[in-house]
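Same order as they appear, the protein sequences are chains A and B. This note's numbering numbers the first residue of the first sequence as 1 and each following residue consecutively. This note's numbering numbers the first residue of the second sequence as 73 and each following residue consecutively. Glycine included, every Cβ here is placed at the ideal spot set by N, Cα and C. None of the values given here were measured: they were computed from a predicted structure. Here's the structure we're looking at; comments come further down.
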Amino acid sequence: MLLFRSEQHVGRWCHQWNRVRGGTLTPDQVWRLATEWYRDRLSTHWRPKTTAVAENAFAEIGLVGDFWKLPS
Amino acid sequence: MRALRLAQEMQTKTSKGRDKPALDPDLRLYIYRYFIRHGRAPSVVEMANGLSHPLKQVNSALERLSATHAFVLQGNGELWRAAPFSAVPTAFPVKIGRRSWFGNCIWDALGIAAMLRQDASIHTSCGCCNYEMVLKVKNDRLLRHDGVAHFAVPARDWYKDIVFT
Chain A
1 MLLFRSEQHV GRWCHQWNRV RGGTLTPDQV WRLATEWYRD RLSTHWRPKT TAVAENAFAE
61 IGLVGDFWKL PS
Chain B
73 MRALRLAQEM QTKTSKGRDK PALDPDLRLY IYRYFIRHGR APSVVEMANG LSHPLKQVNS
133 ALERLSATHA FVLQGNGELW RAAPFSAVPT AFPVKIGRRS WFGNCIWDAL GIAAMLRQDA
193 SIHTSCGCCN YEMVLKVKND RLLRHDGVAH FAVPARDWYK DIVFT
């Protein structure tokens, strides 16, 4: 996942690398995702997230739709 | 897909209290604590010495941890990434006080700040034009910042090549 100055710069990058435009997030959404994903990483009880838990975390920050579905 | 299934199987077995390789949780935490303390990844030999386990067992444990996708090994068996940390320099350096680490991407760079729960600054740049972009975390909040993060690959394909998402 890369960071860009604007949507226009995402478009330029996709054109430059001949790639279809993917999914975009605001910096605040990335922060919320990072917090959800890594906050408990130093816990002795940490376990990898199941697909359902991960998709629920995506949905809570507005990442819904086919692009954000993990393999079942 | 196979790796995800392995991770899920590992999780299922662990949750049932069976077949849990005893070294894995200790090694996982050892690696993270080493990164935090030293600002770099431990070598496999350092892991074996630090945990007083034979090298062969440590290598096996690393292989199992890699099935979670949080850990990725280099071709020579050494750590490449222990998410959110990168063992090699990246475009996502994270500075906390006088210490610094590398995140694997912007998600992971912010993840280091979230995991360590400390004020941090991330000096990165636009993926398109390399224009400087500095993100700051203060008091457990990301300070308002313009910009857009972009996933080039849909979530279902992330684990086909975790390095390019």
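Under DSSP, the beta-bridge partners assigned to residue 168 of chain B are B:171. Judged by their CB atoms, residue 181 of chain B and residue 166 of chain B are nearer to each other than the 8 Å cut-off. Within the same chain, and ignoring the five residues on either side of residue 183 of chain B in sequence, the residues whose Cβ sits closer than 8 Å to its Cβ are 155, 156 and 175.
Looking at the backbone, the Cα of residue 22 of chain A and that of residue 36 of chain A are separated by about 22 Å.
Collapsing the DSSP output to three states places residue 159 of chain B in coil.
What residue 7 of chain A touches in chain B, judged by beta-carbon distance under 8 Å, is 220, going in chain order.
Scanning its chain for C-beta atoms nearer than 8 Å, with the 5 sequence neighbours on each side dropped, one finds around residue 96 of chain B the residues 133, 136 and 137, in chain order.
Look at the beta carbons and you see the segment 41-55 of chain A not touching the segment 191-200 of chain B: under three pairs across the two are nearer than 8 Å. Burial check for residue 41 of chain A: the Cβ neighbour count within 10 Å reaches 16 or more, so the residue is buried.
Of B:100, B:215 and B:204, the smallest CA-CA separation from residue 45 of chain A is found for B:100. Within the segment 23-45 of chain A, 23, 24, 25, 26, 27, 28, 29, 30, 31, 33, 34, 35, 37, 38, 39, 41, 42 and 44 place their CB atoms closer than 8 Å to a CB of chain B, listed in sequence order.
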